[in-house]
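Below is one structure, written out as structure tokens; comments come after it.
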Amino acid sequence: MQEPVPGVPANDPIIFGPSGRVLLAVAKVLAIIGGLLFVGLVVMSIVSIVGRKLLSAPVPGDVELLQMIAAAASAAFFAYCHLNHGDVKVDFFTAAAPPWVNHALDAFGSLLVGLAGAVLTWRVYVGAIGTQESGETSAILDIPVWWAQIAMVPGFAMLALAGFYMAARHVQEAGRRGEARR
Numbered sequence: 025m026q027e028p029v030p031g032v033p034a035n036d037p038i039i040f041g042p043s044g045r046v047l048l049a050v051a052k053v054l055a056i057i058g059g060l061l062f063v064g065l066v067v068m069s070i071v072s073i074v075g076r077k078l079l080s081a082p083v084p085g086d087v088e089l090l091q092m093i094a095a096a097a098s099a100a101f102f103a104y105c106h107l108n109h110g111d112v113k114v115d116f117f118t119a120a121a122p123p124w125v126n127h128a129l130d131a132f133g134s135l136l137v138g139l140a141g142a143v144l145t146w147r148v149y150v151g152a153i154g155t156q157e158s159g160e161t162s163a164i165l166d167i168p169v170w171w172a173q174i175a176m177v178p179g180f181a182m183l184a185l186a187g188f189y190m191a192a193r194h195v196q197e198a199g200r201r202g203e204a205r206r
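Count the sequence shown with my numbering and you get residues 25 to 206, in order.
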């Protein structure tokens with residue numbers, strides 16, 4: 025995780041440029057929207073459970089709504105998490121490495137995140153279009169399934185942008201740190 029190693033200077037955080045600050049702001053808005061969606065799901069679940077137990081009247085299609093909304097809401101968090109270094113990092117072997125090495129490794133990891141985000145954006149979009157064309161709907165509420173799929177696309181697209189941006193910033197930092205060694 026991110027615990028400091030005694031005697032080893034901590035890596036400086038990435039400083040965001042103007043485009044990075046815009047990216048971070050948009051990612052934050054997406055994360056807030058995702059959080060509000062989850063709060064709504066909690067309220068709906070409580071109403072459904074209480075209604076089911078006390079009144080024999082659950083929220084119709086509560087599981088369908090939960091699945092569809094949770095998918096889109098969770099995709100909304102990924103970019104903000106990556107921009108804030110909140111993703112899982114196993115740095116046991118590199119904790120004592122020079123900062124430029126860690127930045128180079130982080131650049132590679134962020135590049136992979138960007139590529140994964142781009143592939144997910146592409147495939148989820150293609151899947152949503154296919155689902156729309158087939159006319160698939162949910163069993164109880166008859167909601168078009170593609171709505172939930174297309175709602176994931178902005179989150180994955182932001183993840184791709186965040187990954188590529190962080191890769192570029194880490195490459196810059198690795199170069200700067202490597203130059204400082206000479």
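We put the beta carbon where it would ideally sit given N, CA and C, even for glycine.
| Check | Outcome |
| --- | --- |
| Contact between the stretch 45-58 and the stretch 100-115 (3+ Cβ pairs under 8 Å) | yes |
| Leu61 versus Glu157, Leu90, Gly154 and Val137, residue with shortest Cα-Cα distance | Leu90 |
| Beta-ladder partner(s) of Thr118, from DSSP | Paired residues: none, contrary to the question. |
| For Pro168: DSSP bridge partner residues | Thr161 |
| Span of the alpha helix (DSSP H) around Leu78 | Pro42 to Leu78 |
| CB contact flag (Ala100, Gly58, <8 Å) | yes |
| Alpha helix (DSSP H) segments (min. 4 residues) lying fully within the stretch 85-113 | 86-99 and 102-107 |
| Beta carbon of Ser134 nearer than 8 Å to that of Met190 | yes |
| Nearest candidate by alpha-carbon position, reference Ala94, set His127, Met68, Leu144 and Val125 | Met68 |
| Cutoff 6 Å; reference Asp36; Cβ partners in own chain excluding five residues on either side | With a pLDDT of only 49 at Asp36, under 50, the local geometry of the prediction cannot be trusted, and no value is derived from it. |
| Where Ile39 falls: helix, strand or coil (DSSP) | coil |
| Nearest to Arg176 (by Cα), restricted to the options Ala96, Val83, Arg45 and Phe132 | In the sequence as presented, Arg is not what sits at residue 176; that position holds Met. Residue Ala96 is the option with its Cα nearest to Met176. |
| Environment of Leu144 [buried if 16+ CB atoms lie within 10 Å] | buried |
| Whether Ile153 touches Thr161 by CB criterion (8 Å) | no |
| Cβ distance (whole Å) where Gly151 is taken to contact Gln173 below 8 Å | 6 Å |
| Pairwise C-alpha distance: Tyr149 and Gln156 | 10 Å |
| Alpha carbon of Ala131 to alpha carbon of Ala186, nearest angstrom | 12 Å |
| Contacts around Pro82, its chain only, beta-carbon distance under 7 Å, and the 5 residues preceding and following it disregarded | Ser72, Gly75 and Arg76 |
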